[in-house]
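Engineer: Starting off with a structure, shown below.
Numbering (my numbering), first residue to last: 292 to 439.
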């Protein structure tokens, strides 16, 4: 049985909505602050792909409204689990932008451990996005996996 969940966060940053859009809705932009190597086929119905440690995850783009709204959803798993992500971007005065992020969906039978991981990990990644937009926006990164 799947269990519903939602994790949200928001921040305001001195960046334009277009700069935020580049960071959340392009593969190179996402590579600069998230994990793995990311590809995004633009447009509603397009696909997001993340490759990390030999595995790959895909989601379908469910909202594509540059530069204000970007959303995607993973396919439903056998246990009913799925993940939906939504970014809402709103320009503010003096070149600042408010960014709201929602991660929702359904978790499988191991939902308590999964939710614990999401509730700790998601804010960390969202904060990395804030830091990237504050200090490094526009810079591209090359993801590297190194294990010792």
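Ideal placement from N, C-alpha and C gives every residue a C-beta, glycine not left out.
Using alpha carbons as the reference points, say which of 435, 426, 415 lies closest to residue 298.
Structural biologist: 415
Engineer: Beta carbon of residue 397, beta carbon of residue 373: below 7 Å?
Structural biologist: Contact flag set, yes.
Engineer: Compute the beta-carbon to beta-carbon distance between residue 394 and residue 418, rounded to the nearest angstrom, for a pair I have assumed lies under 8 Å.
Structural biologist: Their Cβ separation, rounded to whole angstroms, is 14 Å, which puts residue 394 and residue 418 out of contact at 8 Å.
Engineer: Entirely within the segment 296-356 and at least 4 residues each: give me those alpha helix (DSSP H) ranges in chain order.
Structural biologist: 308-316, 318-322
Engineer: For residue 369, which of 308, 330, 324, 400 has the nearest alpha-carbon?
Structural biologist: 400
Engineer: Please go through the segment 362-389 and give each complete beta strand (DSSP E) segment of 3 or more residues, from N-terminal end onward.
Structural biologist: 373-382
Engineer: If you run the structure through DSSP and keep just helix, strand and coil, what is residue 391?
Structural biologist: strand
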